[in-house]
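Data block below; observations after.
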Amino acid sequence: MLSDWLTTLSLIFGGCCSNAISLEQITSTHPDSGSLITFFQFLLISLYGLPKQITLSSSRIPYPLLRARKIPLTPYLIQVALFYAVSLLNNAAFGYHIPMPVHIIFRSGGLIVGMVLGRVIVGKRYTLTQVISVVVVTLGVVTTTLSASRPKSKSSISSDPSPPNPPIYFTASYAMGIIILSVALIFSGLLGLVQDWTFSQYRHPPKNPRAINGHAAHLPKENGSLKPKAEQMDKIPTWQESMFYLHFLAMPLFLFVWKDLVAQFRAVHSGPRIHIPLSLAALYQSNPALSYPLAHYTPKDIPTSPSSLSIPTAYFPLLINTLTQLLCASGVHRLTGKVSSLTVTLTLVVRKAVSLVISVLLYGGDGKGNVKMWAGAVLVLAGTIGYSMGGTKRTGTSPKQVVELGKESKEKAD
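Residue numbers (UniProt numbering): 1 to 414.
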């Protein structure tokens with residue numbers, strides 16, 4: 001049990017924090033590569049989960065088919081559309097000059113949207129502590145957003161050979177990025193409501209798997225009947241099934257942005273390159289400290305040497321980002337299947353705070369901006385913790401009703 005928790009937390013804090021660092025690295029040089037990043041993330045997670053979701057039929061000639069699902073396809077399709085939109089919008093925001101620290105903290109303001117949508121759509125009620133916490137989170141988001149939206153100084157403008165009026169262009173672009181993140185927050189709040197409803201309805205395995213998956217009839221039979229064994233559905237945890245279908249069903253949606261994918265891949269591929277030596281001669285040639293026995297070789301031969309491999313430098317952070325996204329998604333889905341949604345929210349906010357600290361330490365800007373950014377981070381973290389610990393109003397029987405019910409039961413007994 002303890003090792004399972006350590007694995008889950010390691011995946012979240014290790015995988016998600018590493019993912020944030022690699023994401024900032026690649027978006028700093030290729031800010032318009034959001035669709036490409038999202039595509040590779042979805043592709044890897046789909047390929048990783050596909051073998052676990054496939055089983056062989058019981059016919060004379062076995063053929064692969066998808067396992068019986070624990071959750072019907074319709075709720076997955078709704079979640080896929082929202083999840084795909086959230087992922088694509090969040091990554092696309094980097095193309096509008098949104099710094100990673102602002103990106104992290106702004107997404108932490110999802111509690112605000114979740115509270116409003118929960119109240120309007122579901123009719124949830126919240127305590128005074130939660131309302132105050134949401135106000136604190138709002139102040140933190142505004143403070144952090146404004147910390148990075150200051151126009152450039154005159155000195156930087158005069159020395160910058162960019163197009164005319166760069167401050168106005170930067171401000172308009174930054175505002176568009178904030179709008180994109182705001183829309184992503186709304187979709188994320190709707191996604192949370194749909195997921196809460198889905199897991200509350202299908203927390204336990206269905207009595208009739210065939211009703212939600214047409215392939216169920218082809219699973220191994222039990223006592224000669226067409227009813228599949230219950231173990232067939234219990235082998236794969238619900239979180240693995242959910243993670244797979246949320247990414248796998250979204251793959252066809254990338255056809256709508258295939259032109260952007262091609263353009264972004266060409267931009268990444270045509271960027272700066274690194275030359276990796278594939279032989280001892282090339283290794284000695286590229287390292288002066290080791291090249292004494294091969295001093296007659298000239299460094300200018302390295303780029304054209306057949307013993308060296310030329311790879312775009314952006315491939316490395318893109319690969320790391322894709323791999324760490326798999327770890328991060330696995331940790332988040334594992335945690336969702338273990339604890340309540342409030343605990344998940346609290347854990348993810350702490351993780352985002354850690355990512356923010358790392359981001360500011362590695363890519364920190366001027367002192368004034370960092371002060372505002374840190375102040376916003378503290379407000380967001382404090383408000384989110386207060387919201388998670390605030391509790392919800394009880395919707396059950398009041399003490400007065402309990403007394404009245406007790407009197408009625410006593411009178412009936414007499």
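Even for Gly, the Cβ is constructed at its ideal location relative to N, Cα and C.
Reduced DSSP secondary structure (H/G/I, E/B, other) of Leu278: coil
For Ser22, three-class secondary structure by DSSP: helix
Assigned exposure category for Lys338 - 16 Cβ within 10 Å defines buried: exposed
Boundaries of the beta strand (DSSP E) in which Thr55 is found, first to last residue: 54-56
Spatial distance of Val354 from Leu56 (CA atoms): 44 Å
C-alpha distance - Gly15 paired with Thr7, whole-angstrom precision: 11 Å
For Ile236, three-class secondary structure by DSSP: coil
Ile311 - containing beta strand (DSSP E), residue span: 308-312
Exposure of His269, with buried meaning 16 or more beta-carbon neighbours within 10 Å: exposed
Close Cβ partners of Phe40 (< 6 Å) along its chain, the five nearest in sequence each way excluded: Thr322
Cβ-Cβ distance between Leu181 and Leu117 below 8 Å: no
Contacts around Met251, its chain only, beta-carbon distance under 8 Å, and the 5 residues preceding and following it disregarded: Phe42, Leu43, Ser46
Every unbroken alpha helix (DSSP H) inside the segment 97-137 [4 residues or more]: 100-108, 110-117
Residue from Val262, Met115, Phe187 whose Cα sits closest to the Cα of Ile78: Phe187
Beta bridge counterpart(s) of Pro64 as assigned by DSSP: Leu56
Environment of Ala314 [buried if 16+ CB atoms lie within 10 Å]: buried
For Met176 and Phe248, the rounded distance between their alpha carbons: 30 Å
Residue from Leu318, Pro64, Pro312, Thr143 with nearest C-alpha to Arg273: Pro312
CB contact flag (Pro237, Ser22, <8 Å): no
Cβ-based burial, Tyr245 [other Cβ within 10 Å; buried from 16]: buried
Extent of the continuous alpha helix (DSSP H) run through Arg334: 315-336
Chain-order list of residues whose beta-carbon lies under 6 Å from that of Asn91 (same chain, five-residue window excluded): Gly34, Ile37, Thr38
Buried or exposed by the 16-neighbour rule on C-beta atoms within 10 Å, applied to residue 417: The first residue shown for the chain is 1 and the last is 414, placing residue 417 beyond what the model contains.
Supposed close pair Pro31, Phe94 - CB separation, criterion 8 Å: 5 Å
Which listed residue (Ser58, Gly376, Phe256, His333) has its alpha carbon closest to that of Pro101: Gly376
Spatial distance of Val183 from Trp258 (CA atoms): 22 Å
Host alpha helix (DSSP H) of Pro75 (start-end): 73-92
Helix, strand or coil at Arg351 [DSSP, three-state]: helix
Inter-residue CB distance, Gly192 and Gly123 (contact presumed, cutoff 8 Å): Actually they are not in contact, since the Cβ atoms of Gly192 and Gly123 sit about 15 Å apart, beyond 8 Å.
Alpha-carbon spacing of Leu9 relative to Thr347, whole angstroms: 9 Å
Beta-ladder partner(s) of Arg266, from DSSP: Its beta-bridge partners do not exist; DSSP assigns none.
Pro163, buried or exposed, once every other Cβ within 10 Å from all chains shown has been counted against 16: In this prediction, Pro163 has a pLDDT of 44, which is less than 50 and means its spatial position is unreliable; nothing more can be read from the coordinates.
Contact the segment 194-204 vs the segment 79-87: 3+ CB pairs below 8 Å: yes
Leu11 - containing alpha helix (DSSP H), residue span: Neither: Leu11 is in no alpha helix (DSSP H) and is coded neither H nor E.
Own chain partners of Asp260 with C-beta closer than 6 Å, once the 5 adjacent residues on each side are dropped: Ser35
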